[in-house]
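Counting from 1228, one number per residue, gives the positions in the sequence shown under my numbering.
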Amino acid sequence: MFSGSIPALVTPFRNGQVDEDAFRRLVDWQIQEGSSALVPCGTTGESATLSFDEHYRVISLCLEVADGRVPVIAGCGSNDTATAVRHMAFAKSEGAAAALVVAPYYNRPNQEGMYAHFAHLADKSDLPIILYNVPGRTITDIQPETVARLAEISTIIGIKDASGNLARVTSHRLSCGTDFVQLSGNDDMALSFNAAGGVGCISVTANVAPRLCAEFQAACQSGDYDRARTLNDRLHPLHGALFSDVSPGPTKYALTRVLDNFPDELRLPMTPASAASRALVDAGLERAGLI
């Protein structure tokens, strides 16, 4: 259902407010450059700092600009199950193709609690759900056995896996079937992830290098791993540079280098990328041939 290069979009801010014009330009550029779907209001979109009104406005804007050209997977995660239900209801009403739902954070539920959380969301909405497992941020880790149980629910269709454990791609293929959509959550592991059976990446780097990321994913999907490796070599320094300081600071800085008049403002507690990080980003952009 979903595959290829799928940017986890930043949310641009200007003077403390969502910069709607910059966001519109970003979405349109992403589609023109070959991104296969879009994710607004994920981690990279600083969703934790958005009010409900802002969260829903960003989803609406993304759907409006996309205008059916590519599917929109709306970020709907929360550590409060009732809030995630509310987010999914809005995304469904606006026409999103699916919801990306992160494992509940801070509360630290056990595996049964996580199963109950996602099963409840599926019971309350028929919007397809992509699980998002990112233990480095949430502490909680959706274990493969729990993923297998959840995959039995018809509307839980896939996973964005940022666990960093490549063996899980095979584990999920064996337990969930080959139709279960496996998307990497780590740009620097996407090559190996796809070789093991993944079908794409919900990507930070694609914010900045959408065409290269789309070409890389297309090469993987066609089985042309010589070309995929060549493109991955170009992108690899940039993948690292975008996490050389706390994300999405380096990514917003990088966007100022490749898009005119794009703001690099972040919301507290996030702060701008350091000088050392900016230097690494510049070098990564040069290596990729983007500046």
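Positions of the beta carbon are idealized from the N, C-alpha and C atoms, including for glycine.
Below 7 angstroms CB to CB, which residues in the same chain sit around residue i once its five sequence neighbours on both sides are set aside?
i	result
residue 1495	none
residue 1316	1352
residue 1311	1303, 1304, 1305, 1328, 1348
residue 1338	1370, 1373
residue 1455	1418, 1443, 1446, 1447
residue 1296	1258
residue 1390	1360, 1362, 1368
residue 1492	1240, 1241
residue 1322	1290
residue 1364	1270, 1332
residue 1375	1402, 1403
Using three-state DSSP, classify residue i as helix, strand or coil.
i	result
residue 1277	coil
residue 1258	helix
residue 1286	helix
residue 1268	coil
residue 1521	Residue 1521 is absent from the model: the chain starts at 1228 and stops at 1518.
residue 1342	helix
residue 1508	helix
residue 1452	helix
residue 1423	coil
residue 1438	helix
residue 1335	coil
residue 1516	coil
residue 1294	coil
residue 1320	helix
residue 1473	coil
residue 1499	coil
residue 1460	helix
residue 1228	coil
Spell out the partners DSSP gives residue i in its beta bridges.
i	result
residue 1492	1240
residue 1302	1327
residue 1485	Partner(s): none; residue 1485 has no beta bridge.
residue 1430	1234
Suppose the cutoff is 6 angstroms on Cβ atoms and the five residues either side in sequence are ignored; what does the same chain contact list for residue i look like?
i	result
residue 1260	1437, 1438
residue 1354	1315, 1319, 1326
residue 1505	1480
residue 1398	1371
residue 1500	1472, 1476, 1477, 1480
residue 1229	1264, 1408
Can you tell which of the options has the C-alpha that lies nearest to the C-alpha of residue i?
i	options	result
residue 1306	1240, 1290, 1314	1314
residue 1335	1362, 1378, 1321	1362
residue 1233	1484, 1456, 1479, 1445	1445
residue 1269	1425, 1241, 1430, 1491	1430
residue 1181	1340, 1425, 1285, 1239	Nothing in the structure corresponds to residue 1181, since the chain is present only between 1228 and 1518.
residue 1342	1368, 1229, 1450, 1400	1368
residue 1246	1231, 1281, 1262, 1308	1281
residue 1502	1471, 1467, 1288, 1340	1471
residue 1385	1415, 1416, 1426	1426
residue 1330	1473, 1324, 1308	1308
residue 1251	1279, 1284, 1243, 1277	1284
residue 1516	1500, 1440, 1364, 1489	1440
residue 1452	1400, 1423, 1432, 1490	1423
residue 1488	1243, 1248, 1229	1248
residue 1299	1457, 1279, 1266	1266
residue 1584	1514, 1510, 1473	Residue 1584 is absent from the model: the chain starts at 1228 and stops at 1518.
residue 1235	1228, 1262, 1244	1262
residue 1231	1366, 1461, 1450	1450
Starting from the C-beta of residue i, find all residues in its chain whose C-beta is less than 8 angstroms away, skip the five residues before and the five after it, and write them out in chain order.
i	result
residue 1420	1388, 1393, 1396, 1409, 1411, 1413, 1428
residue 1237	1253, 1271, 1272, 1273, 1434, 1475, 1478, 1479, 1482
residue 1345	1328, 1356, 1358, 1377, 1380, 1383
residue 1415	1463, 1466, 1467
Regarding residue i and the ligand PLP, is the C-beta to nearest heavy atom distance less than 7 angstroms?
i	result
residue 1411	The model on display carries no ligand, and the ligand PLP is accordingly not part of it.
| request: Any chance you could list the beta strand (DSSP E) runs of at least 3 consecutive residues sitting entirely within the region 1345-1419, in chain order? | output: Fully enclosed beta strand (DSSP E) runs of 3 or longer: 1356-1360, 1383-1388, 1408-1411.
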